[in-house]
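Participant: Pasting a structure here, questions to come.
Number of protein chains: 2
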Amino acid sequence: MKNDRLILVSNDDGIFSNGIKALAEVASEFGEVAVVAPDRQQSAVGHSITINEPLRAVPFKLESGLMGSAINGTPADCIKLAHDQLLDRKPDLVLSGINHGSNAGINIIYSGTVSAATEGTILGYPSIAVSCVEFGEDADLTGCMEAARRAISFVFKNGLPAGITLNVNAPAGPFRGIKWTKQADTRYTDEFEPRVDPHNRPYYWITGRLEILDQGEDLDVNVLNTGYASITPIQYDLTAYRVFKEMSKIDI
Amino acid sequence: MKNDRLILVSNDDGIFSNGIKALAEVASEFGEVAVVAPDRQQSAVGHSITINEPLRAVPFKLESGLMGSAINGTPADCIKLAHDQLLDRKPDLVLSGINHGSNAGINIIYSGTVSAATEGTILGYPSIAVSCVEFGEDADLTGCMEAARRAISFVFKNGLPAGITLNVNAPAGPFRGIKWTKQADTRYTDEFEPRVDPHNRPYYWITGRLEILDQGEDLDVNVLNTGYASITPIQYDLTAYRVFKEMSKIDI
Numbered sequence: 040m041k042n043d044r045l046i047l048v049s050n051d052d053g054i055f056s057n058g059i060k061a062l063a064e065v066a067s068e069f070g071e072v073a074v075v076a077p078d079r080q081q082s083a084v085g086h087s088i089t090i091n092e093p094l095r096a097v098p099f100k101l102e103s104g105l106m107g108s109a110i111n112g113t114p115a116d117c118i119k120l121a122h123d124q125l126l127d128r129k130p131d132l133v134l135s136g137i138n139h140g141s142n143a144g145i146n147i148i149y150s151g152t153v154s155a156a157t158e159g160t161i162l163g164y165p166s167i168a169v170s171c172v173e174f175g176e177d178a179d180l181t182g183c184m185e186a187a188r189r190a191i192s193f194v195f196k197n198g199l200p201a202g203i204t205l206n207v208n209a210p211a212g213p214f215r216g217i218k219w220t221k222q223a224d225t226r227y228t229d230e231f232e233p234r235v236d237p238h239n240r241p242y243y244w245i246t247g248r249l250e251i252l253d254q255g256e257d258l259d260v261n262v263l264n265t266g267y268a269s270i271t272p273i274q275y276d277l278t279a280y281r282v283f284k285e286m287s288k289i290d291i
Numbered sequence: 040m041k042n043d044r045l046i047l048v049s050n051d052d053g054i055f056s057n058g059i060k061a062l063a064e065v066a067s068e069f070g071e072v073a074v075v076a077p078d079r080q081q082s083a084v085g086h087s088i089t090i091n092e093p094l095r096a097v098p099f100k101l102e103s104g105l106m107g108s109a110i111n112g113t114p115a116d117c118i119k120l121a122h123d124q125l126l127d128r129k130p131d132l133v134l135s136g137i138n139h140g141s142n143a144g145i146n147i148i149y150s151g152t153v154s155a156a157t158e159g160t161i162l163g164y165p166s167i168a169v170s171c172v173e174f175g176e177d178a179d180l181t182g183c184m185e186a187a188r189r190a191i192s193f194v195f196k197n198g199l200p201a202g203i204t205l206n207v208n209a210p211a212g213p214f215r216g217i218k219w220t221k222q223a224d225t226r227y228t229d230e231f232e233p234r235v236d237p238h239n240r241p242y243y244w245i246t247g248r249l250e251i252l253d254q255g256e257d258l259d260v261n262v263l264n265t266g267y268a269s270i271t272p273i274q275y276d277l278t279a280y281r282v283f284k285e286m287s288k289i290d291i
C-alpha cells in the first residue's frame, strides 16, 4: 500500500529551504515522493498564477538529498504543472510546506504555501499545508514534522471531504498537542514604513503588526499562542452562506 | 452627503485599462474619487502582496481624465498603501475593476481584482469588485457600469455585514437583470500547452478550459450564461464550518 502511493510536495519558500526537505522526509514515510516546487522564494504570492510568461521545469538534485523539478513560477503554478504535465500518475496526496512562518489568521489569505495546497484541492486531491510559526530558516522543525505526520495519517485513514484543505501550523520545537481550530479574524496595522531614497523620492516598505480581532479558544492564532499545534479545515468556496439568505431577499 | 464621501478605486488591469476609467466614472456619481492602482497589468496575481521590494506611489494624470497614484505593486498592495499612507481620510467605499474578464467560479481565487476588494474588507471598508465577462479591452462596459451603480447604491443604502465583500460580474453590453448568486464549483482542465524552444528545451504556456462541476440556477457562472448580471457575497474567513463539527470530533 505504502509503495503504491505517490505524494506531491511543494512549498512557497523554494527548493533550497529546510522546510521542504523536512516535509519531503515525512512524506517518504508514506509513499513515493515527487517534489515540484518554486526555484526561488515565493512568499506572500497568495494564489497567484503565471499567465504572461511560460513556465519551465528544471530537474534538480541537491546535496541535502532533495530532488525533483524546480519551476520558475508560483506555488499554484507548481501544482497545476505537476498535475497536467509532469507526473506520470495522479498523486494520492498533495503537501505544501513546511513554511517558515505562521499561516494562521489572515496570513492564510496571503500565503503561497496554503495556495499550493488549495490548488491541490481544486484539482481533486486530498491536500495539506504545513507551516512553522517561527520564521527562521534554522527553526527546529521536529514538532512541525510530527504534526504533518499526524495530519497525513488522519487523511489516509479518514479521507477528506471534497473541497476541503487541511491547514496545519505548529510551533518550533515540541508542541503540547494538536487542536482543531477556526481561522481567527486578524489584520495587519501600521503596515508601511515610509523612507526617502538618495534622490529624495519617497518609497514604502511593507511591515506591520498582527492585530487579533476576536478571541476564542478554538481559533488558530490563539491555540498556537498556548503551545499547541493547530489544524483548520478550510475551503475555496468563498460564498458567504451565513448572510446569503438575508441579503438575497433585497432587490438590487 | 455625496460630496462628503471618499471612494477608493483600484483594479488589476492597471491604470491604462478602460475598465478602471469606467468604474471611476460611476464612482464619481457617488462622491470624491481617489484612484490608487497598479502601474501595469497584474491579472491573476490573486492576493499577492509585495514584501521583497519597496513600493512607490507615482502621481499620474491620463489624457482620458483618469488621475491618481500609480503603484509598482499588486492590487492588494494598492489598497494597503492607500489606507496606511496615501489617503488623508478613510474611504467610505472601496471599488475594484471593472476587470476585463469574468471573476466568477474558481476565477475568484486567482483574481487580483477581487483581492483588492477583499483587502478593503479586511481593513474594515465596504468593498465591491466588478468584472466584465468579456476579455476584450474594447468590450461595451455600459451594462457593467450600471451593475456597479446598483451595487454601490445597495451598499450605501443597506450597508454590508462585517467581513463580507460583494463580487459583481456582468456581461458586455446590456443585461437582463441582476441576480444574487453563489460561487460555482469550477476548475480548469487541459491547463498547459507544452512547446519546445529554439534550443530544444521544453516550456509550458498556461491555457485551459473552464469546467463547471455543479449546476444550479443560483450559481454565478450559470446566471451569467443566461444574460444576467451576478452579485455574490463572499468572505475571507476560509474556515470550512460545514464540516468543522464532524471533523473536530476525530482525534488527531
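Top line first, the protein sequences correspond to chains A and B.
Mapping of the first sequence onto the numbering used here: residues 40 to 291, in sequence order.
Mapping of the second sequence onto the numbering used here: residues 40 to 291, in sequence order.
Think of the CB as a built atom: it goes at the ideal place given N, C-alpha and C, for glycine as much as any other residue.
#1: Examine chain D for any beta-carbon lying closer than 9 angstroms to the beta-carbon of residue 271 of chain B, and answer yes or no.
#2: Give me, in chain order, the residues of the same chain whose beta-carbon lies closer than 8 angstroms to that of residue 243 of chain A; leave out the 5 immediate sequence neighbours on both sides.
#3: Which runs of the beta strand (DSSP E) spanning at least 3 residues fall entirely within the segment 157 to 186 of chain A, listed in chain order?
#4: In the DSSP assignment, the beta strand (DSSP E) including residue 208 of chain B goes from what residue to what residue?
#5: Taking 9 angstroms as the CB-CB cut-off, is residue 267 of chain A touching chain B?
#6: Identify every residue that forms a DSSP beta bridge with residue 242 of chain B.
#7: Check residue 104 of chain B in the structure and name its three-state DSSP category.
#8: List, in chain order, every chain B residue whose beta-carbon is nearer than 9 angstroms to that of residue 200 of chain A.
#9: Is there a Cβ of chain A sitting closer than 9 angstroms to that of residue 91 of chain B, yes or no?
#10: Near residue 101 of chain B, what residues of its chain come up, given a Cβ to Cβ distance below 6 angstroms and the 5 sequence neighbours on each side ignored?
#11: In the DSSP assignment, the beta strand (DSSP E) including residue 48 of chain A goes from what residue to what residue?
#12: Could you give the first and the last residue of the continuous beta strand (DSSP E) run that contains residue 248 of chain A?
#13: With a Cβ-Cβ cutoff of 9 angstroms, do residue 114 of chain B and residue 81 of chain B count as a contact?
#14: Per DSSP, what are the beta-bridge partners of residue 110 of chain A in this structure?
#15: Give the secondary structure of residue 136 of chain A by DSSP, where H, G and I count as helix, E and B as strand, and everything else as coil.
#16: Does the beta-carbon of residue 254 of chain B have 16 or more other beta-carbons within 10 angstroms, so that it is buried, or is it exposed?
#17: Relative to the C-alpha of residue 278 of chain A, which residue among B/288, B/163 and B/153 is closest?
#18: Which bits of chain A does residue 95 of chain B rub up against, with CB to CB less than 8 angstroms?
#19: Tell me whether residue 282 of chain A sits in a helix, a strand or coil according to DSSP, three-state version.
#20: For residue 119 of chain A, which residues in chain B fall below 9 angstroms Cβ to Cβ?
Facilitator: In this structure, then:
#1: Among the chains of the structure shown, chain D does not appear; the protein chains present are A and B.
#2: Here residue 243 of chain A refers to the residue found at position 204 when the first sequence is read from its first residue. If we look at residue 243 of chain A and ignore the five residues flanking it on each side, its Cβ neighbours are 231, 232, 233 and 234.
#3: 166 to 171
#4: Numbered from its first residue, the second sequence carries residue 208 of chain B at position 169. Start and end: 203 to 209.
#5: By 1-based counting over the first sequence, the position of residue 267 of chain A is 228. By this cut-off, residue 267 of chain A is not an interface position.
#6: Within the second sequence, residue 242 of chain B is the residue found at index 203, counting from 1. Per DSSP, B/234.
#7: Mapped onto the second sequence, residue 104 of chain B falls at position 65. It is coil, neither helix nor strand.
#8: What you label residue 200 of chain A is simply residue 161 of the first sequence in a count that begins at 1. Here the neighbours are 279, 281, 282, 285 and 286.
#9: Within the second sequence, the letter at position 52 stands for residue 91 of chain B. At least one chain A Cβ lies under 9 angstroms of residue 91 of chain B.
#10: Looking up residue 101 of chain B in the second sequence gives position 62. Same-chain partners within the cutoff: there are none.
#11: Here the question's residue 48 of chain A lines up with position 9 in the first sequence. Per DSSP, residue 48 of chain A belongs to the beta strand (DSSP E) from 45 to 49.
#12: For the purposes of this step, residue 248 of chain A is taken as residue 209 along the first sequence, with counting starting at 1. It spans 248 to 251 - the beta strand (DSSP E) in which residue 248 of chain A sits, taken as one unbroken run.
#13: Mapped onto the second sequence, residue 114 of chain B falls at position 75. Mapped onto the second sequence, residue 81 of chain B falls at position 42. Yes. Within cutoff.
#14: Here residue 110 of chain A is taken as the residue at index 71 of the first sequence, counted from 1. Note: residue 110 of chain A sits in a beta bridge opposite A/77 and A/96.
#15: Start at 1 with the first residue of the first sequence, and residue 136 of chain A comes out as number 97. Reduced to three states, the DSSP call for residue 136 of chain A is strand.
#16: Within the second sequence, numbered from 1, the residue matching residue 254 of chain B stands at position 215. Looking at its Cβ environment, which holds fewer than 16 other Cβ atoms inside 10 Å, residue 254 of chain B is exposed.
#17: Against the first sequence, residue 278 of chain A aligns to sequence position 239. With distances taken between Cα atoms, residue 278 of chain A lies closest to B/153.
#18: Locating residue 95 of chain B in the second sequence gives position 56, counting from the first residue. The contacting residues are 240, 241, 242 and 243.
#19: Here residue 282 of chain A corresponds to residue number 243 of the first sequence, with the count starting at 1. Helix.
#20: In the first sequence, counting from the first residue as 1, residue 119 of chain A sits at position 80. By Cβ distance, chain B contributes 227, 230, 231, 245 and 247.
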